[in-house]
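Enquirer:
Numbering (this note's numbering), first residue to last: 3 to 481.
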C-alpha cells in the first residue's frame, strides 16, 4: 500500500515545460547516434582495448581450466600406467615411488577374471617398463601359450634366455636342488638376513613330497648325510645331487653316524629311511631331469640377466614337481636378494598364476619374503582370478591382504566382486562397479586412498608382446 501511494504521488508531479511542446502532449525524442560497429579485425589487433597474447589451444585442452577436476589422481612420480577413466588424467604409479608416502609395503596384487587384461598390465608396467629403471624382474610363468610359457615372447624381446622346466628329460635346462650357490655358507654369511640353507630347502621338499612334517630324527639324519655328501662331492670337484644323498642315507658308510654318539650310533642308520626313499623317488620319477643333476651353463647365464624367466608351464599341476620348483626358485631368490639388497638394488618377483600358491610350503615361503620385503628390496607381484577360490586362512589370501597396492579388474559374479570390495575395504556400491569394468579397465587401490578407475594403455610394441590370442585367432597380430 505504501508503494502504491508513492507511485500515485509521483504520477501527479508535473513535468517541466520544454520548448516546442505542451504539458498535455508527449515529450520529443532526442536523436541518438547509432552504436558504432565493432569490427573483428580491429578487435584482433587490440584497437578497442588492450589484449594479452594468447596461445594456440583446443577445447579439449581447455578442460584443464576446470580446476574442480584437474587434480591428478596420482602423483607425477613412478611409471605411466594409463589414464584415469573419469577425466583422462595420466596415472603415474609404481610401488617403489609410492612407498613411504601412500603405502608401507611394496607388494602388489592383481585380481580379475580371465581376459580382462591382467597379463597385459604385468608384462608392461611390471616388466618392460621396470627393466630400464635398473630393476631385476623374476617371472614364474605358469600359463602356456602356443606350446611355451606366455612370457617367452617378452624374454626374447629383451634377449633373455628362458629357463624351461620339464620332467623326464635329460637334455633340458636344470637348476640343481643342491647347487652350492643355494647355501647358507658363502658370500652372504654374516648378513642381517640369513638365506635358506640347503638343509631347510631339502626339508621343505621332503615335507611337500611326503605330505607330513619331518620328525626330529629324520631332520637329524638328513642334515648329517647332506653335510657329508656335500663335503665329499665338492672335494672331488662335483656338485652334490639329491640322488647321492638318497643313496648315502640308504647305504651309510662306516663313521657316518658317529656324530650321534654311542647311544644312537647304530639306531641313527635307520632314521632317514623314509626320507631317503622319498628323495630317491623324486630323483628317478617326479623330478628326473629337472633338479636332480648339476646346474647347466645356460641356466647360470639366464639367472644373471635383468629378466629371469622361469617357464614352469610344462610341469604337471598335480604332484610335487611344481611345488618343488617354486620352493627352489624362492630359495635361490633369497640368496640373490641377500647380495642385491646389500647393493641397494630393487627386485620384482611376478607370479602370474597365483592359484598354485595356496598349498604346500610355496605360499609360506612367498609370504615370508613379503614380510621381509623392505630389508630385501623385493616386491612380490601376484595375480589371481577369484578371491573366493581360497580359504580364509590360505597363504594365497594372505598374499592379497598384505599387498598395499591392488589392481582389481572386472568380475562377472557378484560374490567375487563383493569379496574384492570387502578385502580391500572399498566404498559401498563398488561391487557393482567391478562387475561393469571392461577389458583393460581396473580399480587401483593404493593404501587407504580412494580407488582410481584406471584405463591401461599400451604402445604398439607392447600390444604385440602382450597378445595372448594367437592360438585362437591363428595370427600373431594384436588386437
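Backbone N, C-alpha and C define an ideal beta-carbon position, used for all residues, glycine too. Remember, it's a predicted structure, so these values are computed and weren't measured experimentally.
1) In terms of alpha-carbon separation, which member of 292, 304 and 333 lies closest to residue 316?
2) Please classify residue 416: is it buried, with 16 or more other beta-carbons within 10 angstroms of its beta-carbon, or exposed?
3) Output needed for residue 425: all residues of its chain with C-beta closer than 7 Å, excluding positions within five of it in sequence on either side, in chain order.
4) In terms of alpha-carbon separation, which member of 411, 418, 237 and 381 lies closest to residue 392?
5) Does the Cβ of residue 302 have 16 or more other Cβ atoms within 10 Å, making it buried, or fewer, making it exposed?
6) If we count the other Cβ atoms within 10 Å of its Cβ and call it buried at 16 or more, is residue 448 buried or exposed?
7) Is residue 163 closer than 9 Å to residue 157 when the C-beta atoms are compared?
8) Please name the residue, chosen from 309, 395 and 432, that lies closest to residue 138 on a Cα-to-Cα basis.
9) Buried or exposed: which applies to residue 43, given that a residue is buried once 16 or more other Cβ atoms fall within 10 Å of its Cβ?
10) Determine, using beta-carbon pairs with one atom in the region 208 to 227 and one in the region 273 to 288, whether at least three such pairs fall under 8 Å.
11) At 4 residues or longer, and completely inside the region 374 to 410: list those alpha helix (DSSP H) runs for me, N to C.
12) In the DSSP assignment, the beta strand (DSSP E) including residue 350 goes from what residue to what residue?
13) Taking DSSP as the reference, what is the three-state secondary structure of residue 412?
14) Looking at residue 230 and the ligand ZN, is the gap between the Cβ and the nearest heavy atom below 8 Å?
15) Quick check on the burial criterion: 16 or more other C-beta atoms within 10 angstroms. Buried or exposed for residue 436?
16) What residue range does the alpha helix (DSSP H) around residue 343 cover?
17) Determine the contact status of residue 333 and residue 413, defining contact as a CB-CB distance below 9 Å.
18) Tell me, to the nearest whole angstrom, how far the beta carbon of residue 354 is from that of residue 143; I am working on the premise that it is less than 8 Å.
19) Using a Cβ-Cβ cut-off of 7 Å (strictly less than) and excluding sequence neighbours within five positions of residue 120, which residues of its own chain qualify?
20) If you draw a straight line from the C-alpha of residue 166 to the C-alpha of residue 327, how long is it?
21) Give the range of the alpha helix (DSSP H) segment to which residue 226 is assigned.
22) Report all residues from its chain with a CB closer than 7 Å to the CB of residue 331; omit the five preceding and five following residues, and keep chain order.
23) Is residue 428 close to chain B, meaning its C-beta is less than 9 Å from at least one C-beta of that chain?
24) According to the neighbour-count rule (16 or more other Cβ atoms, all chains shown, within 10 Å of its Cβ), is residue 209 buried or exposed?
25) Please report how far the alpha carbon of residue 117 lies from the alpha carbon of residue 212, in whole angstroms.
26) In chain order, what residues of the same chain have a beta carbon less than 7 Å from the beta carbon of residue 219, not counting five sequence neighbours either side?
27) DSSP state of residue 426, grouped into three classes?
28) Out of 56, 338, 323 and 160, state which residue places its alpha-carbon closest to the alpha-carbon of residue 380.
29) Taking Cβ to Cβ, would you say residue 324 is nearer than 9 Å to residue 83?
30) Terminal residues of the continuous alpha helix (DSSP H) containing residue 122?
31) At which residue ranges does the region 43 to 111 contain complete alpha helix (DSSP H) runs of 4 or more residues, listed in the order of the chain?
32) Return the residue from the list 181, 98 and 64 that minimises the CA-CA distance to residue 378.
33) Cβ of residue 231 within 9 Å of Cβ of residue 179?
34) Closer than 7 Å by C-beta to residue 133: which residues in its own chain qualify, once you throw out the five before and the five after it? Chain order, please.
35) Which term fits residue 343, buried or exposed, when burial requires 16 or more other beta carbons within 10 angstroms of its beta carbon?
36) What is the residue span of the beta strand (DSSP E) that residue 160 lies within?
Expert: Quick answer:
1) 292
2) exposed
3) 389, 402 and 403
4) 418
5) exposed
6) buried
7) yes
8) 309
9) exposed
10) yes
11) 375 to 378 and 397 to 403
12) 349 to 353
13) coil
14) This structure lacks the ligand ZN; in fact it carries no ligand of any kind.
15) buried
16) 323 to 344
17) no
18) 6 Å
19) 112, 114, 385 and 411
20) 11 Å
21) 218 to 237
22) 142 and 312
23) As a matter of chain content, chain B is missing from the structure shown, which is built from one protein chain.
24) buried
25) 37 Å
26) 273
27) coil
28) 338
29) no
30) 120 to 125
31) 97 to 100
32) 98
33) no
34) 139, 160, 308 and 309
35) buried
36) Careful: residue 160 lies outside any beta strand (DSSP E) and carries neither H nor E.
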